[in-house]
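**Q** In the UniProt record's numbering, the protein residues as written are 1 to 561. Just so you know, even glycine gets a beta-carbon here, dropped at the ideal spot from N, CA and C. Here the structure is a predicted model, which means the values were calculated and not measured. One structure follows; several queries about it will come next.
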């Protein structure tokens with residue numbers, strides 16, 4: 001047993017190397033690992049060690065396969081990206097139980113086993129009750145909806161994915177080909193207009209295609225969500241390559257100026273542009289190929305990069321476990337929907353909206369959690385393993401969120417990164433540097449009263465609200481008075497107001513408790529309204545005006561903390 005000693009006391013024979021306040025964090029760690037006595041931890045030393053522990057926690061959680069990226073030619077540096085500091089690096093998912101088992105960590109094995117044992121026991125009792133009441137273990141009504149017109153859905157979805165490849169020839173012809181129209185310079189607004197027309201035309205075509213098919217609501221929901229995801233991939237690919245094409249033209253112009261007139265600072269600008277065009281080993285525009293885009297299409301990422309961090313091999317056992325997990329969670333999801341949600345929805349016109357919402361709160365919250373696991377833990381990690389995609393940070397600790405603003409950043413990181421790169425940061429920079437609008441008196445007043453961060457946040461919420469509302473309307477084939485749009489937009493003043501209440505800043509537990517209460521009791525009400533309209537579009541028991549007001553108030557209550 002070692003006896004703690006005073007840092008300035010005489011050295012003993014057993015404490016070599018001696019722990020001193022002047023030692024670096026790495027020296028302290030090496031000394032403590034060698035069996036030296038603990039040092040006198042001053043407040044500054046504690047903060048230093050805590051910071052070092054936070055930095056190395058992600059590195060310790062990654063297995064050797066994720067760290068060994070040298071074989072793929074992807075260096076470990078983290079460049080200052082032009083695209084607003086968003087970069088990818090080898091990381092694992094926080095709740096990836098399979099990854100923890102591969103690393104030899106079994107600290108949560110019993111907890112995971114206990115959880116799924118309880119879920120299995122509850123499902124067995126639920127199936128037995130259903131057999132006693134209906135003479136069958138599993139309801140087959142929902143299965144008929146899921147597998148009806150399945151061939152048509154698969155072929156349409158395959159055509160949807162393949163049609164996104166039009167972006168590759170579009171980029172090569174317009175922006176990096178030999179005969180480029182001068183008026184379509186990628187640095188001009190005309191190029192952005194051509195991109196917008198192409199994206200909107202593609203999106204409208206596939207939404208109209210879905211409307212022309214006689215699919216049930218299950219197929220409509222899947223196809224609408226997949227269309228929105230593929231549109232984000234198309235937009236990210238076109239926007240990123242348009243910026244890179246503009247950087248390439250600027251670099252060529254600077255090199256021509258450098259040959260004619262030697263100017264100071266030109267060399268630094270050329271090097272900066274070169275780091276953007278060739279961040280690692282591949283160089284733009286040689287990367288504009290169908291194979292490069294196919295890899296981006298298969299990777300679980302919505303933000304396009306020339307290169308992604310890669311793993312050295314595919315672990316087929318890991319892929320098999322993720323496939324089995326997807327199938328198992330889908331079965332649980334099916335049982336919850338078919339046995340706990342559909343019966344209440346069928347009696348909604350008799351019971352009423354509010355009582356049905358109370359019955360659906362538990363099942364819908366369960367489906368929400370199952371959707372998280374099947375999407376981000378099973379499917380995303382499975383595709384990441386198949387494509388050797390090393391950055392598995394698809395979510396953060398959203399369960400510790402203190403409001404919907406923090407939840408939206410941590411719950412779905414691929415979408416958050418898309419909004420940050422293509423909406424938030426461009427709008428903030430435009431709000432700062434847009435001198436062309438100074439002649440507008442309204443714009444000058446807005447710039448004085450609204451900081452760039454607030455303007456960017458409002459634009460991001462507006463875009464997200466529009467995209468969610470359009471997707472839900474297409475899936476449900478009915479517009480519900482813009483409930484989802486207004487409920488999301490009203491979060492902006494609520495967030496700004498809550499930030500001014502100083503005593504709430506230190507109430508972390510209270511805010512997290514309020515977040516969970518809101519997610520369990522208020523958010524399912526908003527979703528239940530759209531489910532109500534999808535199942536019973538002509539029911540007279542739904543008052544649109546009253547339910548719109550109540551749902552907006554309920555959704556905004558989620559950000560009160």
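Going by the CB atoms, is the gap between residue 454 and residue 490 shorter than 9 Å?
**A** no
**Q** Would you kindly report the start and end of the unbroken alpha helix (DSSP H) that includes residue 395?
**A** Residue 395 -> no alpha helix (DSSP H), and no H or E assigned at all.
**Q** Please report the Cβ distance between residue 126 and residue 335, rounded to the nearest whole angstrom; I am assuming they are in contact, meaning their Cβ atoms lie under 8 Å.
**A** Between residue 126 and residue 335 a beta carbon distance of about 7 Å is seen, short of the 8 Å cut, so the two are scored as contacting.
**Q** So, is residue 80 buried or exposed, given that buried needs 16 or more other C-beta atoms within 10 angstroms?
**A** Below a pLDDT of 50, predicted positions are generally treated as unreliable, and residue 80, at 40, falls in that range; the measurement from the model is reported next regardless. The residue in question, residue 80, is exposed, as its Cβ has fewer than 16 Cβ neighbours within 10 Å.
**Q** Have a look at residue 155 and residue 164 and give me their C-alpha separation to the nearest angstrom.
**A** 15 Å
**Q** Would the stretch 469-477 count as touching the stretch 223-239 if we require 3 or more Cβ pairs under 8 Å?
**A** Contact holds: three or more Cβ-Cβ distances are below 8 Å.
**Q** Under a three-way DSSP split, which group does residue 187 fall into?
**A** coil
**Q** Could you spell out where the alpha helix (DSSP H) holding residue 169 opens and where it closes?
**A** Unbroken alpha helix (DSSP H) run through residue 169: 167-174.
**Q** Grouping DSSP H, G and I as helix and E and B as strand, with all else coil, what is residue 242?
**A** helix
**Q** What does DSSP give as the partner residues of residue 347 in its beta bridges?
**A** Paired residue(s): none; residue 347 is not in a bridge.
**Q** Quick one: what does DSSP say residue 107 is sitting in, helix, strand or coil?
**A** Under the three-state reduction of DSSP, residue 107 is assigned to coil, being neither helix nor strand.
**Q** To the nearest angstrom, how far is it from the Cα of residue 484 to the Cα of residue 233?
**A** The alpha-carbon atoms of residue 484 and residue 233 are separated by roughly 24 Å.
**Q** Quick one: residues in its chain with C-beta nearer than 7 Å to the C-beta of residue 492, no 5 flanking neighbours on either side, listed in chain order?
**A** 457, 458, 461
**Q** Are the stretch 342-354 and the stretch 300-308 touching by the rule of at least three beta carbon pairs closer than 8 Å?
**A** no
**Q** Whole angstroms are fine: how far does the CA of residue 356 sit from the CA of residue 521?
**A** Going by the C-alpha atoms only, they are around 13 Å apart.
**Q** Please classify residue 513 as buried or exposed, where buried requires at least 16 other C-beta atoms within 10 Å of its C-beta.
**A** Exposed: under 16 other Cβ atoms inside 10 Å.
**Q** Tell me whether residue 424 is buried or exposed, calling it buried when 16 or more other Cβ atoms sit within 10 Å of its Cβ.
**A** buried
**Q** Nearest-angstrom Cα distance between residue 417 and residue 201?
**A** C-alpha separation (whole angstroms): 24 Å.
**Q** Would you identify the three-state DSSP class for residue 315, choosing helix, strand or coil?
**A** coil
**Q** Counting Cβ pairs, one atom from each stretch, are 3 or more of them under 8 Å apart for the stretch 205-224 and the stretch 279-292?
**A** no
**Q** For residue 478, which three-state DSSP category applies?
**A** coil
**Q** So, under 8 Å CB-CB, residue 410 and residue 98 are touching, yes? Tell me the CB distance rounded to an integer number of Å.
**A** That pair is no contact at about 21 Å.
**Q** Measure the C-alpha to C-alpha separation of residue 446 and residue 431 and round it to an integer number of angstroms.
**A** Looking at the two C-alpha atoms, the distance is approximately 10 Å.
**Q** Here's the rule I'm using: 16 or more other beta-carbon atoms within 10 Å means buried, otherwise exposed. How should residue 116 be labelled?
**A** exposed
**Q** By DSSP, does residue 389 sit in helix, in strand, or in coil?
**A** strand
**Q** Whose C-beta lies closer than 6 Å to the C-beta of residue 340 among residues of the same chain, with five residues either side of it excluded?
**A** 363
**Q** To the nearest angstrom, how far is it from the Cα of residue 315 to the Cα of residue 383?
**A** Distance between the alpha carbons of residue 315 and residue 383 is about 12 Å.
**Q** Going by DSSP, name the residue or residues bridged to residue 310.
**A** 389
**Q** Between residue 395 and residue 376, is the Cβ-Cβ spacing less than 9 Å?
**A** yes
**Q** Using only the alpha-carbon positions, how far apart do residue 138 and residue 176 sit?
**A** 57 Å
**Q** Looking only at DSSP bridge pairs, what is residue 91 linked to?
**A** According to DSSP, residue 91 bridges with 391.
**Q** With 16 other CB atoms within 10 Å as the buried threshold, where does residue 427 fall?
**A** Residue 427 is buried by the Cβ-count criterion.
**Q** What separation, rounded to the nearest whole angstrom, lies between the Cα atoms of residue 368 and residue 360?
**A** If you draw a straight line from the Cα of residue 368 to the Cα of residue 360, it comes to about 12 Å.
**Q** Apply the 10 Å Cβ neighbour rule to residue 240 and answer buried if 16 or more other Cβ atoms are within range, or exposed otherwise.
**A** Buried, because 16 or more other Cβ atoms sit within 10 Å of the Cβ of residue 240.
**Q** How many Å lie between residue 72 and residue 386 at the Cα?
**A** Note that residue 72 has pLDDT 36, beneath the 50 cutoff, so the model's placement of it is unreliable and the number below is only indicative. The straight-line gap from Cα to Cα measures roughly 15 Å.
**Q** Straight-line CA distance for residue 220 to residue 210?
**A** 7 Å
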